[in-house]
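Student: Going letter by letter, the sequence shown gives residues 20 to 274 in the working numbering.
For every residue, glycine included, the Cβ atom is placed at its ideal position computed from N, Cα and C.
Would you mind keeping the following structure in view while I ask a few things?
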Amino acid sequence: MTAVLSIRDLHKSYGALEVLKGVDLTAPKGHVVSLIGSSGSGKSTLLRCCNLLEDSQSGEIAFEGEPVAWTGTGHDRRPADPKQVTRIRTNLSMVFQQFNLWAHMTILQNVMEAPVHVLKRDRAEVETTARAYLDKVGIGDKADRYPAELSGGQQQRAAIARALAMEPRALLFDEPTSALDPELEQEVVRVIKALAEEGRTMILVTHDMGMARDCSDQVIFLHQGLIEEEGTPERLFGAPESQRLRGFLSSTVDA
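The following block contains the structure:
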């Protein structure tokens with residue numbers, strides 16, 4: 020089976036600071052891959068490299084078997100084909116930590132914006148789909164409200180509906196619950212777990228070890244820009260081999 024996304028030996032630096040030091044990642048169709056690790060380990064940077072929001076200095080990225088074309092080397096390396104970048108980004112919908120909803124648009128308009136203007140889909144069809152996704156994440160009754168009128172958990176669920184409306188091949192989540200109070204966090208966790216049960220392809224950066232354990236097919240523990248350990252959630256959480264991973268898990272449980 021061709022992976023939706025595959026990354027080989029990826030390196031990413033900000034000036035002299037090397038953030039990713041040769042990372043591999045494979046996200047097969049229908050699988051959930053969770054990235055865990057301490058702050059600064061490179062998780063969010065890796066996710067942003069996945070859909071080309073960040074330029075990497077070396078390594079391979081392939082979307083459904085199609086390698087990203089590059090021009091230049093090192094810090095001058097850039098994707099060579101803007102059309103390829105657009106195609107990949109529209110198929111890898113990202114849900115950010117801070118929701119990133121447009122404040123001047125209703126929730127329904129937020130969800131409809133990209134499918135209508137980026138994908139050029141029929142507005143009436145998009146509205147039907149958008150309302151269905153808002154129902155799916157449990158806020159169909161908020162379609163005509165503005166973001167400021169919703170709780171943080173409702174705004175994040177709107178952001179998930181917006182990502183789903185693009186009908187992407189995979190969903191990328193960057194700490195989707197870390198800006199939320201615990202009770203609101205659970206609203207979003209329930210939605211993500213439901214998406215996992217549907218067999219959607221997802222890459223999830225999270226500090227929520229319960230969600231990583233319950234949702235994932237594979238968990239990757241990053242430490243200082245390298246993969247320290249990876250495997251099934253049963254093995255990583257049940258019998259971690261790395262001393263660093265054991266220490267990380269004990270600190271997150273104790274916290």
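(1) Using the beta-carbon count (16 or more within 10 Å), is Gln117 buried or exposed?
(2) Using a Cβ-Cβ cut-off of 8 Å (strictly less than) and excluding sequence neighbours within five positions of Ala182, which residues of its own chain qualify?
(3) CA-CA distance, Leu169 and Gly244?
(4) Could you round the C-beta distance between Met228 and Thr196 to whole angstroms and report it? I think they count as a contact, below 8 Å.
(5) Closest to Arg67 by CA distance: which of Gly34, Ile26 and Ala88 is it?
(6) Per DSSP, Met113 is paired with what?
(7) With a CB to CB cut of under 6 Å and the five nearest residues on each side skipped, what residues in its chain are close to Phe256?
(8) Rounded to whole angstroms, what is the Cα-Cα separation between Ala2 and Gly266?
(9) By Cβ distance, which residues of its chain are closer than 8 Å to Glu249, with the 5 residues on each side in sequence left out?
(10) Check whether the Cβ atoms of Leu127 and Arg150 lie closer than 8 Å to each other.
(11) Hey, Cys69 and Ile211: beta-carbon distance below 8 Å or not?
(12) The alpha helix (DSSP H) with His136 in it runs from where to where?
(13) Would you call Arg176 buried or exposed, if buried means 16 or more other Cβ atoms sit within 10 Å of its Cβ?
Tutor: According to the structure data:
(1) As a first step, residue 117 must be located in the sequence shown, where it is residue number 98. When all chains shown are included, Gln117 counts as exposed.
(2) Translated into the one-based positions of the sequence shown, residue 182 becomes position 163. Closer than 8 Å at Cβ, skipping near neighbours: Ser112, Met113, Val114 and Leu190.
(3) Numbered from its first residue, the sequence shown carries residue 169 at position 150. Numbered from its first residue, the sequence shown carries residue 244 at position 225. It is roughly 36 Å from the alpha-carbon of Leu169 to the alpha-carbon of Gly244.
(4) As a working mapping, residue 228 is identified with position 209 in the sequence shown. As a working mapping, residue 196 is identified with position 177 in the sequence shown. Contact doesn't hold; Cβ gap of about 12 Å is too wide.
(5) Against the sequence shown, residue 67 aligns to sequence position 48. Nearest option by C-alpha distance: Ile26.
(6) As a working note, residue 113 is residue 94 in the sequence shown. For Met113, which the question treats as bridged, DSSP gives the partners Leu191.
(7) One-based indexing of the sequence shown puts residue 256 at position 237. Residues of the same chain with a CB within less than 6 Å of the CB of Phe256, apart from the 5 flanking positions on each side, are Arg232 in chain order.
(8) The chain is shown only over 20 to 274; residue 2 falls outside these bounds and no answer can be derived.
(9) Here the question's residue 249 lines up with position 230 in the sequence shown. Contacts found: Gln237, Val238, Ile239, Phe240 and Leu255.
(10) The count along the sequence shown starts at 1 and reaches residue 127 at position 108. The count along the sequence shown starts at 1 and reaches residue 150 at position 131. Result yes, Cβ atoms of Leu127 and Arg150 sit closer than 8 Å.
(11) In the sequence shown, counting from the first residue as 1, residue 69 sits at position 50. In the sequence shown, counting from the first residue as 1, residue 211 sits at position 192. No, they are not a contact pair.
(12) Counting from one through the sequence shown, the residue named residue 136 turns up at place 117. For His136, the enclosing alpha helix (DSSP H) covers residues Ile126 to His136.
(13) Working through the sequence shown from its first residue, we reach residue 176 at position 157. Burial call: buried.
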